[in-house]
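Q: Let me give you the structure first, and then I'll get to my questions.
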Amino acid sequence: RGDMVIGKTFPSVKLSDTLSKATCNANKISVVEKYVDILDQLPIFYSNVETVFLSANSLKSVEGIQQFLNLRVLSLANNRINHFDDIAALTKCENITVLNLQFNPITSLPNYRHHILALLPSLKLLDNKEIKSKDRSKALQIVQKELQHMRMLISNAHLITKLKAVVHKIVMHRQLLTVTSKKSQFMG
């Protein structure tokens, strides 16, 4: 984890380190408020788990979650997940129907809910709110439109860079013309 508070660094806490103190069986893992920040590989016994509660930990990413082949319910509320890239591993959890990301920084990103719905087509409940078919189709449209806008912004930024280079060359050319015309007047 490497978190630092007033000059002290705290070691990382792996999910496997907390299992002995958690509520776990072949179908469910509940590791809440244990400062977990790494989802390391668990013994094969846990591969068929369907429900995972990891709320109130220190997770910044869900990398490693794909080891739960039958995952259907996942609570990651109150962690430290910031970006959509941090939850990309969830796309490998094809059976997931319930996801809770409340109280994570990611939830304040523009179009958060739409991005999650576009990313995880099997979801039926997100942050304790039911997902309707119109929500899902609207989500795809909004994410596609946002992607188009992003491409346009990148293209415009590239064009601005090119135009600045052209302006710089024009200024240098004028300066060169001024210097050569003064030199020819002086010589002539």
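If you're matching positions, the sequence shown starts at -2 in this note's numbering and goes up one per residue. Virtual Cβ for every residue (Gly too), placed ideally from N, Cα, C.
Is it right to say Thr175 is buried, meaning 16 or more other beta carbons lie within 10 angstroms of its own, or is it exposed?
A: Within the sequence shown, residue 175 is the residue found at index 178, counting from 1. So Thr175 ends up on the exposed side.
Q: Helix, strand or coil for Leu122, going by three-state DSSP, please let me know.
A: Here residue 122 refers to the residue found at position 125 of the sequence shown. Looking at Leu122 - three-state DSSP - the assignment turns out to be strand.
Q: Measuring straight from C-alpha to C-alpha, what distance separates Gln64 and His165?
A: Taking the first residue of the sequence shown as position 1, residue 64 is located at position 67. Taking the first residue of the sequence shown as position 1, residue 165 is located at position 168. Spanning the two alpha carbons is a distance of roughly 55 Å.
Q: Would you give the residue range spanned by the beta strand (DSSP E) that Ile26 belongs to?
A: Translated into positions along the sequence shown, residue 26 becomes position 29. In the DSSP annotation of this structure, the continuous segment of the beta strand (DSSP E) that includes Ile26 starts and ends at 25 to 27.
Q: Classify His170 as buried or exposed, calling it buried when 16 or more other Cβ atoms lie within 10 Å of its own Cβ.
A: Counted from its first residue, the sequence shown places residue 170 at position 173. By the 10 Å Cβ count, His170 comes out exposed.
Q: Within 10 Å of its beta-carbon, does His146 have 16 or more other beta-carbons around it, so buried, or fewer, so exposed?
A: Taking the sequence shown and counting its residues from 1, the one referred to as residue 146 is at position 149. Flag for His146 reads exposed.
Q: Just to confirm, is the Cβ distance from Asn76 to Asn97 under 8 Å?
A: As a position in the sequence shown, residue 76 is number 79, starting the count at 1. As a position in the sequence shown, residue 97 is number 100, starting the count at 1. Not closer than 8 Å, so no.
Q: Just to confirm my understanding: we take Lys195, look at its own chain, exclude 5 residues before and 5 after, and list those with CB closer than 8 Å. What are they?
A: As shown, the chain starts at -2 and ends at 185. That puts residue 195 outside it, with no answer to give.
Q: Name the residue from Ile167, Ala136, Gly61, Ala154 whose alpha carbon lies nearest to the alpha carbon of Pro107.
A: Numbered from its first residue, the sequence shown carries residue 107 at position 110. Sorting Ile167, Ala136, Gly61, Ala154 by C-alpha distance to the C-alpha of Pro107 places Ala136 at the top.
Q: Determine, using beta-carbon pairs with one atom in the region 142 to 157 and one in the region 119 to 126, whether at least three such pairs fall under 8 Å.
A: no
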